[in-house]
Amino acid sequence: MLSILIIEDELPNAARLKKLLLQIDRNIEIVGEIQTVESAISWLKEHEHPDIICMDIKLTDGLSFEIFDHVTITSHVIFITAYHEYALKAFEVNGIDYLLKPLEEAQLEKSIARIKNLVNLSVAPNLQEVIRKMQYKEVAYRTRFLVSYRNMFIPVMVHHIAYFFSEHKSVYLVTEQGERYVIDQTLEELEQELNPKEFFRATRQYIVSAASIRKIHQTFNGKLKLDLHPPAEEVVVSREKSIALRKWLS
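Per full-length UniProt numbering, the sequence shown starts with residue 1, numbered consecutively.
The following block contains the structure:
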């Protein structure tokens, strides 16, 4: 969607210009209509600059070229005027086009099309790069943990982990075989590193794997009680998380 600011002191001309712009492209957004040099300077200092400014040259309080002395304009500028003699000056201030009144729709449409091409050329490479990165970026979830046991280090693959739990300010990793190891991470940190398709934060104390859940019991108050393997102390999922757990398992 192109955003356009109209700077024109004659209201009928401004209304006609707005009508022509919307006939050319219904998705154009007119962000403002300004009549004077002074108000244009104020507006451009206070707002993000639009894609295009359609600017008359002779305004009530002076020539619109004065605006460029006070503001560095980043927009594409189309000058629309009844006077031939300002063309050179218009291009000196980087005007993209110079259209004479009475304005013809075909001329304006050609100018808008030219600017659309310029906008697309400047944006497209960056946009394409972002899309490419999004398509090919793979999130690197943890695949193993190196745990300490007595005087040894033991690698534990994530797919052999049943659940993690916290107790007395320590966090434990429990394997499918019931082996239990202390690890130097919080459950919050583990949540960020584990694949959410495989592990779920069931309670404040437990992160469980889907494979570890043997049975789910519904309590009278809408909470869910989990039977885990290997067996664990009572794991009761709150009503708020119960819906998310069911969705995760389905």
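Beta carbons: idealized from backbone N, C-alpha and C, even for Gly. This structure is a prediction, so every number in the text was calculated from the model and none was measured.
Whether residue i touches residue j by CB criterion (8 Å)
{"i": "residue 331", "j": "VAL156", "result": "For residue 331 there is no data in the structure shown, the boundaries of the chain being 1 and 250."}
{"i": "ILE213", "j": "LEU226", "result": "yes"}
{"i": "ILE52", "j": "ILE7", "result": "no"}
{"i": "GLN185", "j": "VAL171", "result": "yes"}
{"i": "VAL71", "j": "LEU44", "result": "yes"}
{"i": "LEU249", "j": "ALA211", "result": "no"}
{"i": "ASP9", "j": "ASP69", "result": "no"}
{"i": "residue 337", "j": "VAL37", "result": "The question about residue 337 has no answer, for the chain in this structure spans 1 to 250."}
{"i": "ILE30", "j": "LEU20", "result": "no"}
{"i": "ILE96", "j": "VAL119", "result": "no"}
{"i": "LEU187", "j": "PHE164", "result": "yes"}
{"i": "GLU112", "j": "ILE24", "result": "A small correction: the amino acid at residue 112 is Ile; Glu does not occupy that position in the sequence shown. In this structure, ILE24 lies closer than 8 Å to ILE112 by Cβ."}
Sequence-distant residues of its chain with Cβ nearer than 6 Å to residue i (five each side left out)
{"i": "TYR98", "result": "PHE79, ALA87 and ALA90"}
{"i": "GLU236", "result": "First, the amino acid is wrong: residue 236 is Val here, not Glu. Answer for VAL236: LYS223 and LYS225, listed in chain order."}
{"i": "HIS217", "result": "LYS225"}
{"i": "ARG150", "result": "none"}
Expected contact under 8 Å - CB spacing of residue i and residue j to nearest Å
{"i": "LEU2", "j": "ILE28", "result": "5 Å"}
{"i": "HIS47", "j": "SER75", "result": "At roughly 11 Å, the Cβ-Cβ gap does not stay under 8 Å, so HIS47 and SER75 are not in contact."}
{"i": "ALA82", "j": "LEU59", "result": "Their Cβ separation, rounded to whole angstroms, is 13 Å, which puts ALA82 and LEU59 out of contact at 8 Å."}
{"i": "GLN205", "j": "SER166", "result": "5 Å"}
Neighbourhood of residue i by C-beta distance below 7 Å, restricted to the same chain and skipping five residues each side
{"i": "GLU191", "result": "ARG201 and ILE207"}
{"i": "LEU63", "result": "ILE57"}
{"i": "VAL175", "result": "Before going further, note that residue 175 is Thr rather than Val in the sequence given. Excluding residues within five positions, the ones whose Cβ falls inside 7 Å are VAL156, HIS160, ILE161 and ALA162."}
{"i": "ILE154", "result": "VAL147"}
Distance cut-off 7 Å: residue i Cβ against heavy atoms of the ligand ATP
{"i": "VAL158", "result": "Although the ligand ATP was asked about, the structure shown includes no ligands whatsoever."}
Own chain, CB closer than 8 Å to residue i, minus 5 neighbours either side, in chain order
{"i": "ALA124", "result": "At ALA124 the pLDDT is 45, less than 50, meaning the model places this residue with poor confidence and gives no usable figure here."}
Which full runs of the alpha helix (DSSP H) of 4+ residues lie inside the UniProt domain "HTH LytTR-type" (145-250), going along the chain?
-> Entirely contained in the UniProt domain "HTH LytTR-type" (145-250), the alpha helix (DSSP H) runs reaching 4 residues are, in chain order, 187-193 and 239-249.
Residue ranges of each alpha helix (DSSP H) within the region 22-70, 4 or longer = Counting only runs of 4 or more, we get 37-46 and 65-70.
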